[in-house]
Amino acid sequence: MKKLLLVCLLLVSTHALAELRKWVDAEGKVQYSDQLPPPNVKAKILHIPASAAAPGVVAGSSPVQAKTIAEREAELKKAQLDKKQAADKVALEQARIAAEKENCSAAQLNLRTLQDGTRMLVVDAKGQRSYLDDEQRRQRIEKGQENVKTFCK
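As numbered in our numbering, residues 14 to 166 make up the sequence shown, in order.
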């Protein structure tokens, strides 16, 4: 009984290793079979059963390494990290541009105030108040113009 079961299993398993082929016969009909087609017909292999294929091999393709779950997770984490780094880089660039605009606006406002001609009161390190004279105003206007050129590109 065991021998008969073994023979039956061997016969069934050899059939499971068969490849499925597709071709068009002389009459123009599409044929599907696990048998070889006539010698003058070009057949396409449609299916290699999973039990016959090597791990990572797909029917009709070159061998491909199967990725493990850990490798897929590592790729996903790397992609997420790359995406986060790109977003951080964009946010940093936007913050830099906003700071440049703010510096430009402040420099322009300072220059306009100095050029306005009204008397300006300044407080020194000791807390003493004094007004800018014409020479001090001219020096500060020159410095303000340099700041505008620097910050407003």
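Positions of the beta carbon are idealized from the N, C-alpha and C atoms, including for glycine.
Bridge partners of Leu-94, per DSSP? Answer by DSSP bridge pairing: none, since Leu-94 is not bridged.
In whole angstroms, give me the CA-to-CA distance for Glu-84 and Lys-90. 10 angstroms
For Arg-34, which beta-bridge partners are listed by DSSP? Ser-46, Ile-58
Could you please give me the residues that DSSP links to Lys-142 through a beta bridge? The sequence given here has Arg at residue 142, not Lys. Its beta-bridge partners are Val-136.
Close-in-space but distant-in-sequence residues of the same chain around Met-133 (CB under 6 angstroms, 5 per side omitted): Leu-145
Please report the straight-line C-alpha distance between Val-161 and Asn-123, rounded to a whole angstrom. 9 angstroms
For the pair the segment 135-145 and the segment 99-110, tell me if three or more CB-CB distances fall below 8 angstroms. no
Range covered by the alpha helix (DSSP H) that runs through Asp-147: 147-164
With a CB to CB cut of under 8 angstroms and the five nearest residues on each side skipped, what residues in its chain are close to Ala-56? Arg-34, Lys-35, Trp-36, Leu-49, Pro-50
Tell me the rounded alpha-carbon separation between Val-43 and Val-54. 12 angstroms
Does DSSP put Thr-126 in a helix, a strand or coil? helix
Tell me which residues share the same chain as Lys-80 and place their Cβ nearer than 6 angstroms to its Cβ, disregarding the 5 neighbours each side in the sequence. The answer is none, since no qualifying residue turns up.
By Cβ distance below 8 angstroms, which residues in the same chain neighbour Arg-153 in space, the five residues on each side in sequence not counted? Leu-127, Leu-145
For a test of the three-state rule: what should DSSP assign to Asn-116, helix, strand or coil? Helix.
Euclidean distance between Cα positions of Leu-94 and Ala-87: 10 angstroms
By how many angstroms is the C-alpha of Val-136 removed from the C-alpha of Arg-150? 14 angstroms
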